[in-house]
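Same order as they appear, the protein sequences are chains B and Y. Residue numbering for the first sequence follows numbering that gives the first Met the number 0, starting at 0 and increasing by one per position. Residue numbering for the second sequence follows numbering that gives the first Met the number 0, starting at 0 and increasing by one per position. For each residue, glycine too, the CB sits at the ideal point set by N, CA and C. What follows is a short report on a single structure.
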Amino acid sequence: MIPVKINHLSFSRNSHVVFNDVNISIDPGKVTAIMGPSGTGKTTLLRLIGAQLRPDAGQILVGDQDIHRLSQKELYLARRKMGMLFQNAALFTNLSVFENVAFPLREHTQLSESMIRRIVLMKLQAVGLRGARDLMPSELSGGMSRRVALARAIALDPQLIMYDEPFTGQDPISMAVLVKLIKDLNTILGITSVIVSHDVPETSSISDYIYLISDGKVAGKGSPAEVSVDSSPEVKQFMHGLPDGVVPFHYPAKDYREDILS
Amino acid sequence: MMKIMNRLERLGSSGLTICGNFGRCGIFLLRTLFRKPRFKKSFPLLIDALYFVGVFSLIIIVLSGLFIGMVVGLQGYNTLNKFGALAQLGQLIALSVVRELGPVVTALLFAGRAGSALTAEIGLMKTTEQLSSMEMMGVDPLWRVISPRFWAGFISMPVLSCIFSAVAIYGGYLVGVQWLGIDAGSFWGNMQSSVDFYDDVMQGIIKSFVFGFVVTWIAVFQGFDTVPTAEGISRATTRTVVYSSLAILALDFALTSVLIGGW
Ligand SMILES: Nc1ncnc2c1ncn2[C@@H]1O[C@H](COP(=O)(O)OP(=O)(O)O)[C@@H](O)[C@H]1O
Ligand SMILES: [Mg+2]
């Protein structure tokens with residue numbers, strides 16, 4: 000299983016600084032959570048790890064490869080070792096559930112049709128959707144889509160899997176199912192897992208280590224127990240969901256009284 | 000003085016943006032065209048795309064061809080009648096359809112039907128992160144999604160244009176011969192003796208290849224370059240139709256002058 004090391008990462012979008020000298024170390028075989036309010040750049044971080052975006056400075060090591068120094072061909076090979084679950088599942092809408100999961104196998108392996116069938120059914124069984132193999136993505140609920148996407152992400156037995164907001168918008172039952180699936184995949188297969196999320200209790204319950212990102216910096220880190228008692232104001236506000244604090248409730252504006260009386 | 004400098008600066012920067020866009024568009028095309036072919040895997044994808052691009056456009060092409068042929072027949076009949084040259088109707092219809100109307104109208108309809116559908120489809124795939132997830136699986140979307148659609152457009156456009164011309168000539172025949180009673184023998188005979196394969200038919204076919212290339216290029220590029228929002232998709236679709244139509248008409252003029260002058 001492969002570790003990921005992010006060293007001195009800086010990245011900006013247009014003039015907006017998303018990351019400023021961020022260091023993150025993701026241990027092999029562990030579940031690492033990257034948390035932070037919406038818009039802090041969690042999705043951006045995953046895209047940087049997958050080399051869909053290039054950092055302005057710093058390096059990202061996936062295993063022992065600097066992912067941004069690979070040739071196109073090496074990069075595409077390296078990506079086969081990574082699975083990524085996108086925020087909105089990103090299933091191929093013109094392919095059935097079965098074909099969605101079979102897609103990476105058909106693209107990257109020379110397996111026979113019967114082998115592909117067997118592997119796809121095993122992966123679908125793992126997410127509990129073997130019976131849904133003939134449905135089209137438009138016929139699935141949000142939770143089911145995410146589970147199909149998960150089956151597709153593990154089709155090639157990746158060594159690293161990244162989840163982008165896996166719990167957002169899920170009902171309590173799907174949420175529990177997803178939490179269990181992510182935990183199981185990690186404990187049974189030992190896949191290095193990165194969860195990006197702002198759902199504090201669910202994420203805390205399954206992660207081994209948490210990084211809290213705020214304002215382009217790592218604001219806090221540690222085991223879930225350590226982070227929940229962290230006394231720094233940013234961490235406290237986020238972990239306990241306080242409406243006002245270092246992150247203000249109000250979008251920057253001029254003085255209220257002045258504004259309303261003018 | 001400051002004002003003029005400012006204006007110049009703005010002009011320069013928009014000029015650079017335009018050049019940049021053309022550059023990106025060109026690089027995109029080169030990356031789509033020049034890649035190691037993987038025939039065994041590409042072929043089924045191409046068939047699917049041909050079905051999506053070509054077969055779905057067939058109905059509108061056939062119906063428009065029929066009506067345009069009938070209109071040309073009617074107008075031609077009226078005009079030729081004044082000169083007592085009704086026997087030339089077949090020739091008039093065939094030449095105008097094969098040389099101009101066939102390729103141009105087919106291309107315009109193709110841009111509206113297939114081009115906009117391609118842009119919307121690819122744009123939607125981008126907006127729903129399907130292209131991103133493909134990339135993350137180590138599959139190049141340019142190869143898997145763009146390339147088959149591009150070739151399908153390039154191949155189907157000339158075929159559709161031929162079908163259009165054939166149907167339009169038949170429409171003219173229906174009006175001229177069946178309805179208005181011109182002699183069938185002189186209709187077909189004059190047509191046959193006056194339409195030259197290289198001068199007329201090839202000219203139409205060359206045009207339709209060029210139009211197919213340009214329209215599909217614009218359509219897939221606009222789709223791939225969509226701003227990933229619902230609004231972005233609708234803008235990209237509109238742009239495809241507008242840019243393609245302008246390109247078709249401008250290129251038609253350019254091609255006609257080259258082909259007539261230098262053939
Ligand atoms: N394609 C883009 N172009 C410009 N800015 C973007 C783009 N995508 C995201 N951003 C900006 O980057 C920041 C981080 O976005 P994102 O990584 O999606 O946040 P998160 O996933 O944590 O909610 C946001 O401020 C967002 O506005
Ligand atoms: Mg996000």
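Worksheet item: Hey, is residue 237/Y close to ligand 1, as in C-beta under 7 Å from one of its heavy atoms?
Response: In the second sequence, counting from the first residue as 1, residue 237/Y sits at position 238. Not under cutoff, so the answer is no.
Discussion item. Suppose only complete runs of 3+ residues qualify. What are the beta strand (DSSP E) ranges in the region 127-205 of chain B, listed by chain order?
Written reply: 159-163, 191-196, all fully within the region 127-205 of chain B.
Practice prompt. Could you check the C-alpha separation between residue 239/Y and residue 188/B for me, to the nearest Å?
Written response: Taking the first residue of the second sequence as position 1, residue 239/Y is located at position 240. Taking the first residue of the first sequence as position 1, residue 188/B is located at position 189. Each residue's Cα considered, the two are about 47 Å apart.
Practice prompt. Could you pull out every residue in the same chain whose Cβ sits closer than 6 Å to the Cβ of residue 115/B, ignoring the five residues on either side in sequence?
Written response: Along the first sequence, read from residue 1 onward, the residue named residue 115/B stands at position 116. Excluding residues within five positions, the ones whose Cβ falls inside 6 Å are 101, 104.
Worksheet item: Mind listing which residues of the region 133-148 of chain Y have their C-beta closer than 9 Å to chain B's C-betas, in chain order?
Response: Hits within the stretch, in order: 133, 134, 135, 136, 137, 138, 139, 143.
Discussion item. Can you look up residue 220/B in the DSSP assignment and give me helix, strand or coil?
Written reply: Your numbering for residue 220/B matches position 221 in the first sequence. Three-state result, residue 220/B: strand.
Fill in: Buried or exposed by the 16-neighbour rule on C-beta atoms within 10 Å, applied to residue 71/Y
To locate residue 71/Y, count along the second sequence from 1; it is residue 72. Flag for residue 71/Y reads buried.
Discussion item. Please return the same chain residues whose Cβ sits closer than 6 Å to the Cβ of residue 7/B, not counting the five positions on each side in sequence.
Written reply: Position 8 of the first sequence holds residue 7/B. Here the set comprises 20, 57.
Discussion item. Taking the alpha-carbon of residue 268/Y as reference, which of 171/Y, 109/Y, 3/Y has the nearest alpha-carbon?
Written reply: As displayed, chain Y neither begins before 0 nor continues past 262, which places residue 268/Y out of reach and without an answer.
Practice prompt. Please state if the CB of residue 143/B and the CB of residue 128/B are separated by a distance shorter than 8 Å.
Written response: Numbered from 1 along the first sequence, position 129 holds the residue referred to as residue 128/B. Numbered from 1 along the first sequence, position 144 holds the residue referred to as residue 143/B. Yes, the Cβ-Cβ distance between residue 128/B and residue 143/B is below 8 Å.
Worksheet item: Interface residues of chain Y around residue 36/B at Cβ under 8 Å?
Response: As a working mapping, residue 36/B is identified with position 37 in the first sequence. Identification of chain Y residues near residue 36/B by a Cβ-Cβ cut-off of 8 Å yields none; the smallest Cβ-Cβ distance measures about 21 Å.
Worksheet item: Using 8 Å as the Cβ pair cut-off and three pairs as the minimum, do the region 70-84 of chain B and the region 160-178 of chain B touch?
Response: Yes: at least three Cβ pairs fall under 8 Å.
Worksheet item: I think residue 110/Y touches residue 243/Y, with their Cβ atoms under 8 Å apart; what is that distance to the nearest whole Å?
Response: Along the second sequence, one-based indexing puts residue 110/Y at 111. Along the second sequence, one-based indexing puts residue 243/Y at 244. Between residue 110/Y and residue 243/Y the beta-carbon gap is near 4 Å, inside 8 Å, which marks them as a contact.
Worksheet item: Mapping DSSP to helix, strand and coil, what is residue 91/B?
Response: Here residue 91/B is taken as the residue at index 92 of the first sequence, counted from 1. Reduced to three states, the DSSP call for residue 91/B is coil.
Discussion item. I want to see whether chain Y comes within less than 8 Å of residue 51/B, judged by CB atoms only; does it?
Written reply: As a first step, residue 51/B must be located in the first sequence, where it is residue number 52. Residue 51/B has a beta carbon lying within less than 8 Å of a beta carbon in chain Y.
Discussion item. I'd like to know whether the C-beta atoms of residue 178/B and residue 196/B end up nearer to each other than 8 Å.
Written reply: The sequence position of residue 178/B within the first sequence is 179, counting from 1. The sequence position of residue 196/B within the first sequence is 197, counting from 1. It is not a contact, given that the beta carbons lie outside the stated cut-off.
Worksheet item: Under 7 Å from any heavy atom of ligand 2, does the C-beta of residue 128/Y make it?
Response: Mapped onto the second sequence, residue 128/Y falls at position 129. Residue 128/Y: no, Cβ never under 7 Å from ligand 2.
Item to complete: Anything in the region 115-133 of chain Y with a Cβ closer than 7 Å to a Cβ of chain B? List those residues in chain order, please.
Response: Cβ contacts with chain B come from 127, 128, 129, 131, 132.
Discussion item. Can you look up residue 256/Y in the DSSP assignment and give me helix, strand or coil?
Written reply: Counting from one through the second sequence, the residue named residue 256/Y turns up at place 257. If DSSP states are grouped into helix, strand and coil, residue 256/Y belongs with the helices.
Fill in: For residue 50/Y, the nearest candidate out of 195/Y, 155/Y, 102/Y (CA to CA)
Here residue 50/Y refers to the residue found at position 51 when the second sequence is read from its first residue. For the set 195/Y, 155/Y, 102/Y, the Cα lying nearest the Cα of residue 50/Y is the one of 155/Y.
Discussion item. Using only the alpha-carbon positions, how far apart do residue 31/Y and residue 216/Y sit?
Written reply: Numbered from its first residue, the second sequence carries residue 31/Y at position 32. Numbered from its first residue, the second sequence carries residue 216/Y at position 217. Cα to Cα, residue 31/Y sits roughly 10 Å from residue 216/Y.
Item to complete: Closer than 6 Å by C-beta to residue 23/B: which residues in its own chain qualify, once you throw out the five before and the five after it? Chain order, please.
Response: Within the first sequence, the letter at position 24 stands for residue 23/B. 5, 210, listed in sequence order.
Worksheet entry | Cβ-heavy atom distance, residue 42/B to ligand 2, below 7 Å | Within the first sequence, numbered from 1, the residue matching residue 42/B stands at position 43. Result yes, Cβ under 7 Å from ligand 2.
Discussion item. Using beta carbons (cut-off 8 Å, strictly below), is residue 106/B in contact with chain Y?
Written reply: As a working note, residue 106/B is residue 107 in the first sequence. By this cut-off, residue 106/B is an interface position.
Discussion item. My assumption, with CB atoms under 8 Å, is that residue 269/Y sits in contact with residue 212/Y. Please give the rounded CB distance.
Written reply: Summary: the structure shown does not reach residue 269/Y, with chain Y confined to residues 0 through 262, and so no result is reported for it.
Fill in: Whether residue 1/B touches residue 61/B by CB criterion (8 Å)
One-based indexing of the first sequence puts residue 1/B at position 2. One-based indexing of the first sequence puts residue 61/B at position 62. In contact: residue 1/B and residue 61/B (Cβ atoms closer than 8 Å).
Worksheet item: Would residue 238/B count as contacting chain Y if we go by Cβ distances under 8 Å?
Response: The sequence position of residue 238/B within the first sequence is 239, counting from 1. For residue 238/B, not one C-beta of chain Y is nearer than 8 Å to its own C-beta.
Worksheet item: What does residue 32/B pair with, by DSSP beta-bridge criteria?
Response: As a first step, residue 32/B is located in the first sequence; it is residue number 33 there, counting from the start. Per DSSP, 194/B, 209/B.
Worksheet item: For residue 125/Y, which residues does DSSP report across the bridge?
Response: For the purposes of this step, residue 125/Y is taken as residue 126 along the second sequence, with counting starting at 1. Paired residues: none, contrary to the question.
Worksheet item: Which whole-angstrom value describes the C-beta separation of residue 9/B and residue 65/B, a residue pair presumed to lie in contact below a C-beta threshold of 8 Å?
Response: One-based indexing of the first sequence puts residue 9/B at position 10. One-based indexing of the first sequence puts residue 65/B at position 66. Contact between residue 9/B and residue 65/B does not hold, since their C-beta atoms are separated by about 15 Å, which reaches or exceeds 8 Å.
Worksheet item: Quick one: does the C-beta of residue 86/B sit closer than 7 Å to a heavy atom of ligand 2?
Response: Here the question's residue 86/B lines up with position 87 in the first sequence. Yes - ligand 2 has a heavy atom lying nearer than 7 Å to the Cβ of residue 86/B.
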